[in-house]
Every structure is written in C-alpha cells, then in structure tokens.
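Participant:
In this note's numbering, the protein residues as written are 5 to 438.
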C-alpha cells in the first residue's frame, strides 16, 4: 500500500456487524465512520479505528465524539497497556491522547451533546491528565482514576451497552492478563474482576431478554475476562455469538477460539482461525503495513496450529506453521517497537513444534537453521531443541547430546526481553533443555 490508506475508497467497506450508536453530529456519514471506528476498537484494530475517527472529524470538525474516539483508540488497551508501548511510541500516544481528549472536553462545553456523551468525554479527560508522563506508575494512576470515573458513568447510564463495555474494559485494563489467581482459582488480589463480570453479564442478560443486537465489545471483553477463570465454559455461548457477528474483523472471528480450545472443541478452533485468517487477508489487500496488528494476524495461525495439533490433524497444522514462517520476515524484526519485535519473532518457530508433534524426524533434521541466528534467536534455539529430540528418537545419542549443548548455549544468548506469547522465552526453553 506504500503508506496510502485505501479504506476510504472501499465500497462496500468491511462488514463490521449490525451494532451502531447515535452520536451528536450534523453528518450522517460522520456517524457512519464513528461507528466503524468504535467497532474496530472493540476488535482491537486501533490503527484502522483512528483512521475512521479522523475521517469523522474531517466530515464534521465539530463532532465531539470524533475527538473522543481518536483519544480513546490511541490509548492503552488490554493487550497493549502503557508499559508495552514502544519507548518512542508511548510519549507520542500520551501527547495525542491528551490533545484530543482536551479538544473533546473543550467542545463539550458548548456542543448540544447528550448527557452520556458529556460523561464519556469527562471520564476520558481523567484518563489522560497531562501531555507527558515520566513514570509508568503515574500512567497506572491515570488508569485507576479512569476506572473510577467510568464507574460513575456506568452508575448513571447502565442501560447504555457501550458504557457497560467501556466500564468493564476500564476495570480490567488496570491488570491485564492478571485477573485471576490461577493457583487458588479465584479473582486475583487487587483486581476488579468480579465487578467487571457483573457489569458484562448483566448487560448480556438484558440483550438476550430484550432481543437487542449483540454487542461485540461486551462479547469480546467477556471472553478475555473468563478465559483464565476456573470456569471458561461460562463463555461458550458468548463465543458462539461473537464468531459470526463481525465478518470483517479477523480478530473477533478468532476470539471464540480462546474458549473453544479450553473446552476441547478443537474443530471449532481450527475452523474459526481459518475464517479469521481469511478476513485478515482481505484487510491486507487494503493495508499491508499492519504494525502491531501483525501479532493478531499471526495469532490466528498460531491458534490453528495449536488446535490442529490437539486434533491430530497434520495438514492444517503444517500449513499454518509455514504461513507464519513466510510472514515473519527479517525487516519486521528491525522495528524500533521493542514489544512488537520481542513478541513477533517466536511465531516463526512453530513449524518445529508441529514436526515434533507428528513425529517428522527426518524433516526436522533436514530443516535449515535460521540464516540470522541473532535476529531469530528464539527460533534458532527451538530448532536446536527439535533437532536434539529427533536425534534422540532415532538413536543418534551423541548427536542429541551435541544438540543439547547447542541449545544450552542458545538459551544463554537469548535477550531477556524475548517472549513466546505471554511467557519469557528463557523460561519456556529451559523446560526444553531439561
């Protein structure tokens, strides 16, 4: 795409589901773009959401919710909290969030907004309290203040499904991926997990009872809240609702597999992630410069591998693994976005796990090692592990021991920051070493 956004010229635009909200604007088209932006936020595709909100502002410069949208979409969310933003990206995000949230609050004073719009603008201004912050702890305090502010918005507007979703999100973004004490099977200390569950479940019950249009944000956030709980099956019906709801969002098609895989529904894991990858491939035709969304694209194939390995299906597993290899190119690992680089690289190693799972020992031994072992350091280490396993299985014990020594050296060379999904790469590979 070479930097040009072609989404504005699409006809029809991506299918983002039936849910919309009315906003204060003189432009019907501006409201359309606002709803596209909001639904992309619920789908965790914030880059496209920001474009949509900016288009809203272009069509109606007085549209307060357009400015609210840019600030909201630029800020932290469940998968990318403040601390995971790049060192250069975080100050820029803070600056944009502050500027646009203040513009929304300024316009809110004289614009004929609804009361809920005023409340949302006021709450977001509390989330972004200055145009710079020196410490992560200061930013976390802003998140706490925003959660408190959204509680008040929810108190007054609990019948608004977007308010329900945004409040639940504000509560869990304080402690992303740490909502549950896995050992004791209870909500983790210092979290607002139970409060978020109550808000979302109450809204979902009302949607069902009153036959309202399903809400992608509520469904998405509920899956994230429940996936590490002791009862992930409580989110199965929610997962089935979400999967077909937003055909243009690969990530929302994928999200139900977080629950399916925990409940042993491996065929659904495979199918939903094939569908998700197809949706994201369509988006790639419009924008090939995905940035952080590359992780979500790869995540589809990663889950397909996982589900297929559990289901004993070699072909879909190896296809997805080789697709990941083809996507993780060296140029993507030269980014200044540390989180992206540290997160992205390990996806290229998944072929090794597929070949081990299905006993493809000769294929493992024939596989060349990465040509840039320092750049593909996790992948390099995992192939040393795989080749050691292959040699051991076919009886080449001396070669297996040699590979074990190479694996140990590769682990020592790993940067501390490299991760395999939400786990430190060294921790994972030390299991392999044993």
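Ideal Cβ placement from N, Cα and C applies to all residues, glycine included.
Since the structure is predicted, the reported quantities are computational estimates derived from the model, not experimental observations.
Determine the extent of the alpha helix (DSSP H) in which residue 363 is found, giving its start and end residues.
Facilitator: The residue labelled residue 363 in the question sits at position 359 within the chain shown. Residue 363 -> no alpha helix (DSSP H), and no H or E assigned at all.
Participant: So, helix, strand or coil for residue 188, using DSSP?
Facilitator: Numbered from 1 along the chain shown, position 184 holds the residue referred to as residue 188. Three-state result, residue 188: coil.
Participant: Using C-beta distances below 7 Å, list every residue in its chain close to residue 21, excluding the 5 sequence neighbours before and after it, in chain order.
Facilitator: Taking the chain shown and counting its residues from 1, the one referred to as residue 21 is at position 17. Only 43, 220, 249 and 250 meet the Cβ criterion.
Participant: For residue 320 and residue 329, what's the separation of their Cα atoms in angstroms?
Facilitator: The residue you call residue 320 lines up with position 316 of the chain shown. The residue you call residue 329 lines up with position 325 of the chain shown. When rounded, the distance between both Cα atoms is 14 Å.
Participant: Tell me whether the beta-carbon of residue 350 lies closer than 9 Å to the beta-carbon of residue 309.
Facilitator: Against the chain shown, residue 350 aligns to sequence position 346. Against the chain shown, residue 309 aligns to sequence position 305. Against a cut-off of 9 Å, the Cβ pair of residue 309 and residue 350 comes out as no contact.
Participant: With distances taken between CB atoms, is the gap from residue 380 to residue 334 smaller than 9 Å?
Facilitator: As a first step, residue 380 must be located in the chain shown, where it is residue number 376. As a first step, residue 334 must be located in the chain shown, where it is residue number 330. In this structure, residue 334 lies closer than 9 Å to residue 380 by Cβ.
Participant: In the segment 117 to 159, which residue ranges form an unbroken alpha helix (DSSP H) of at least 4 residues, counting only runs that do not cross its ends?
Facilitator: 119 to 131
Participant: What are the residues that DSSP puts in a beta bridge with residue 427?
Facilitator: Mapped onto the chain shown, residue 427 falls at position 423. Looking at the DSSP assignment, residue 427 forms a beta bridge with 424.
Participant: What did DSSP end up calling residue 67 once you bin it into helix, strand or coil?
Facilitator: In the chain shown, counting from the first residue as 1, residue 67 sits at position 63. Coil.
Participant: Does DSSP put residue 218 in a helix, in a strand, or in coil?
Facilitator: Indexing the chain shown from 1 puts residue 218 at position 214. Of the three classes helix, strand and coil, the one that applies to residue 218 here is coil, per DSSP.
Participant: Going by DSSP, what residue range makes up the alpha helix (DSSP H) through residue 416?
Facilitator: Here residue 416 corresponds to residue number 412 of the chain shown, with the count starting at 1. First-last of the alpha helix (DSSP H) with residue 416: 401 to 416.
Participant: Does the segment 271 to 286 come within contact of the segment 77 to 91, defined as at least 3 CB pairs closer than 8 Å?
Facilitator: no
Participant: The alpha helix (DSSP H) spanning residue 286 covers which residue range?
Facilitator: Counting from one through the chain shown, the residue named residue 286 turns up at place 282. Run containing residue 286: 270 to 288, per the alpha helix (DSSP H) assignment.
Participant: Beta-carbon within less than 6 Å of residue 7's beta-carbon, same chain only, minus the 5 sequence neighbours each way: which residues are those?
Facilitator: For the purposes of this step, residue 7 is identified with residue 3 of the chain shown, where counting begins at 1. Low confidence applies here, because residue 7 scores a pLDDT of 42, under 50, leaving its location unreliable and the question unanswered by this model.
Participant: Classify residue 5: buried if its beta carbon has 16 or more other beta carbons within 10 angstroms, exposed otherwise.
Facilitator: In the chain shown, counting from the first residue as 1, residue 5 sits at position 1. Caution applies to residue 5, whose pLDDT of 31 falls short of 50 and renders its modelled position unreliable; the model cannot decide the point.
Participant: Are the CB atoms of residue 305 and residue 259 nearer to each other than 9 Å?
Facilitator: Within the chain shown, residue 305 is the residue found at index 301, counting from 1. Within the chain shown, residue 259 is the residue found at index 255, counting from 1. No, these two residues do not count as a Cβ contact at 9 Å.
Participant: Taking the alpha helix (DSSP H) that residue 311 belongs to, which residues open and close that run?
Facilitator: Stepping through the chain shown from its first residue, residue 311 is reached at position 307. Start and end: 297 to 315.
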